[in-house]
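Shown next, in structure tokens, is the structure this report addresses.
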Amino acid sequence: MVAKALTQRSAGMPKKCRWTTVCSAAVLLSVIAKAALCGRGIDTTFTSSGAGFRTLPGPSLAEGLRSRATALSTPELTAVTGETQLPAANRWTMLAAAVSFGILGSAVVSTTSPRMARLCRRANSDRADGLAGKQQKENNRESRVSVAATLVDDQVHLVTDVSPLDGPDGTYQVGIDFKNWLQSCVEELDVSNLRVEGSLPPWLRGSLMHAGPAKFEFGDDEFVDWVDGQAMLYRVQILPDGSCTYRNKWPDTWNHRSHRQAGRIAVRETCSRPSIPNFFDRLAAMFSPPNNENGNLHISQVCGNTRCVSMSVGSSCLEFNLSDLSTLGKLPFKDELTEGGPLIFHAEPHVDPTTGEWYTCAIQLKIDLDNKRMKPEYVVFSVEPTESQQPGAELKRRLITRIETEYPSPVHTIGMTSQFIVMIQIPYPLNWDGMMRAEGKWLLTGDYEGNLNDYNTWQPERPTIIHLIDRVTGEHTEIFETDAFFFFHVINSFEATEGSSEVVYVDVVAYEEPPVGFPLQQARSGDVEDWRGGGGEVKRLRLDRSTGKCTMTGWPDNCFDEPKVNPKVDGLEHRYSYGVIDDHGMLRLTKQDHETHQVWKWEGQDVSCELPWQPVFVPEPYNAKEDAGVIMSFVRNQPTGDTFCVVLDSETMNETARIHFPKGHHVPLHGHGAWMQGQF
Ligand SMILES: [Fe+2]
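Here the sequence shown stands for residues 45 to 724, numbered as in the numbering used here.
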């Protein structure tokens, strides 16, 4: 009845104003809830792969206040049901609060600064352009998808039966069997004495860890984006006696348990929203504090490479034990970094190869009540190696600097040199209007149509900005500008002295514009389409600190991504990088020489069926040569679905060994990994 009255009341308002009021209420409520929880010591940290700002999520408020951040060790889960068992009186209170905040939201929007209004108009205009462009892409895509679908239907073939050479240049369309690769993992294994073909280097002893999305549906609900898939940890160990083990395990997260126990998508994920039929319960869910336990993309180690962490889009830093992959919970940060708002969009971290200090960058959304506006800041911080190495112990972050910005864009990776953190700000800012509209519609209808285009807006009329930040003092030393480009990954960055000029070089995998968002449900249904448009191009930025000028160079036909360098040269001048290229629709592991531009491929790969994914570089101990070591990569045999870990000599790119996982065990498309030398 109240909803009806609200609807009738709003029906007399202009459409834009109605949306503004409702959507402002939605976002403000969530942001204020987050801010309140931060103030109460609840860690509301997100991390990101850069796919976009996603969610205003969480478990119930009561649950959030009861548990400091995670309910991992609580077998009796009450928070899920909390979403649907809110006392009626509380609902009225929340609704009244929502209306109040709606009015406040309307006031905020209508009185916001001219600059924000200008940016909003620009975002709307860009959005319209983007939608037109998207329609054109959809039209083009339809024809491509129908080709792929026809191949499957008419010839009764898997797409993998088609030779990669038959695929259009520069796409993943034919060569990758996304349909099967993106099915959920169904089992946890703990297996010893894996079958090994070839021989492993005697120094190669330790653990290779990967994280990855591995559960994509609950009941009839299916996530809308790959990054929402519930995390799986994968560990390959080469023991001191040279034998190999494999173990995979679901991190024990509140999010995952909530979904499983409810038999549906029960709590917010980065892109997906829970299926909640009742308006009041959706309203209650909007009050829920962020929880963000997933950790499906990045693996790293803090505190001097001792404590293992998995991270993800919209996820906190989750700590786990390497020995049994058991989950310890969110890293218990004991500092003031999140006061005023949650941290989102953590960049993939760097670990100083000499000191072991762990660096990353995030975005914090603050509310400037005096000026009635959001006040986004980039927050650059580290975890020093002297912090406690005891698993589960509290630790502090070292704030390096805060950089206020009017248009925060996702930062997937940062660069690190001997002196600087290199932070690249692409012209792809958060789109407040789109976010508020999507949240408001979900609140009113239960339908959520949020996607990448709703969260970020490509604004190529803006420059790409490169910030240099002193790692020790936090001094925001210099800012460089260059033409707009998009990127996920910095390959490496380093300093040089050239004559009288102090120079910083940054190698980056650049795209002319953001790639198409990954269509998870479409891909899982077999409608395979191009994903990254053929990969990015390696570009070298030269930042002349004497003149303030930035120049960008590259070389032709260097389609490439998922780069890795020898961690020994992280922040120092490098010559080689390793990654994957798109070779007529199939992925190939490559090594490339940044001086001569020579490219080596894994020649032993059977390109008709063997699909490698992002490599990990393992340096050979006590060998100073930059390319001394091995490349390790999980490889999917597409027709059988089996997986093995290939080991390549990183100097020659010749195959050294294959470590076979158990037959029939499915490893979905996974995220980044890390090697932990001598650790088990
Ligand atoms: Fe990445």
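Ideal placement from N, C-alpha and C gives every residue a C-beta, glycine not left out. In this text, all values refer to a predicted model and were calculated from it rather than measured experimentally.
If you check the CB distance, TYR290 and LEU233 come in under 8 angstroms.
Here DSSP, grouped into helix, strand and coil, assigns SER544 to coil.
When the Cα atoms are used, VAL357 and ARG702 turn out to be separated by approximately 31 angstroms.
Proximity of the beta carbon of PHE532 to ligand 1 is indicated: a heavy atom of the ligand is located closer than 7 angstroms. In the three-state scheme derived from DSSP, where H, G and I count as helix and E and B as strand, HIS641 is classed as coil.
LEU413 is classed as exposed because its beta carbon has fewer than 16 other beta carbons within 10 Å across all chains shown. With a cutoff of 7 angstroms, GLU401 does not count as near ligand 1, since its C-beta is closer than that to no heavy atom of the ligand.
Excluding its 5 nearest sequence neighbours in each direction, GLU493 has C-beta neighbours in its own chain below 7 angstroms: ALA482 and LYS485, listed in chain order. DSSP lists no bridge partner for TRP298. HIS390 has its Cβ no nearer than 7 angstroms to any heavy atom of ligand 1.
Ranked by Cα distance from ASN237, the options ILE220, LEU252, SER228 and CYS288 are led by CYS288. Closest by C-alpha distance to TRP646, out of VAL690, ASN322 and ARG568, is VAL690. For PHE688, the secondary structure class from DSSP, reduced to helix, strand or coil, is strand. In the displayed model, LYS608 falls within a strand according to three-state DSSP. When DSSP states are grouped into helix, strand and coil, TYR499 belongs to the helix group. Sorting GLU556, LYS293 and ILE523 by C-alpha distance to the C-alpha of SER370 places LYS293 at the top. By the C-beta density criterion, GLY673 is buried, having at least 16 other C-beta atoms within 10 angstroms. By the Cβ criterion, the segment 397-405 is in contact with the segment 338-358, since at least three pairs of Cβ atoms, one from each stretch, lie closer than 8 angstroms.
Around ASP491, the same chain offers LYS485 as residues with beta carbons nearer than 8 angstroms, after the five sequence neighbours per side are excluded. The segment 311-323 makes no contact with the segment 697-716, as fewer than three CB pairs between them are under 8 angstroms. Per the C-alpha coordinates, the member of ARG446, ILE343, THR684 and SER228 positioned closest to GLY708 is THR684. Taking a cut-off of 8 angstroms on C-beta distances, the segment 610-624 does not touch the segment 589-601, as fewer than three cross pairs fall below it. Comparing alpha carbon positions, the residue from ASN338, PHE532, GLU542 and ALA668 closest to ASP272 is ASN338.
Using a cutoff of 7 angstroms, the CB of HIS710 does not count as near ligand 1, since none of the ligand's heavy atoms is closer than that. Scanning LEU375, HIS456, SER344 and VAL553 for the CA closest to the CA of VAL660 turns up SER344. Taken atom to atom, the span from the alpha-carbon of TYR555 to that of ARG589 is near 25 angstroms. For TRP486, the enclosing alpha helix (DSSP H) starts and ends at 476-489. Boundaries for ARG441: no beta strand (DSSP E) harbours it, and the DSSP string shows neither H nor E there. Shortest Cα-Cα distance from GLN408 to any of TRP644, LEU381, GLY242 and VAL662 involves LEU381.
The segment 248-310 is shown to contain whole beta strand (DSSP E) runs of 3 or more residues at 250-257, 275-282 and 288-293, in chain order.
By the neighbour-count criterion, in which a residue is buried when 16 or more other Cβ atoms sit within 10 angstroms of its Cβ, TYR666 is exposed. Shortest gap from the CB of HIS638 to any heavy atom of ligand 1: 7 angstroms or more. Remark: the C-beta of HIS456 is in contact range of ligand 1, defined as less than 7 angstroms to any heavy atom. Residue state for LEU362 is assigned as strand, using DSSP reduced to three classes.
In this structure, HIS716 has its beta carbon less than 7 angstroms from a heavy atom of ligand 1. Around the CB of LYS669, fewer than 16 other CB atoms lie within 10 Å, so the residue is classed as exposed.
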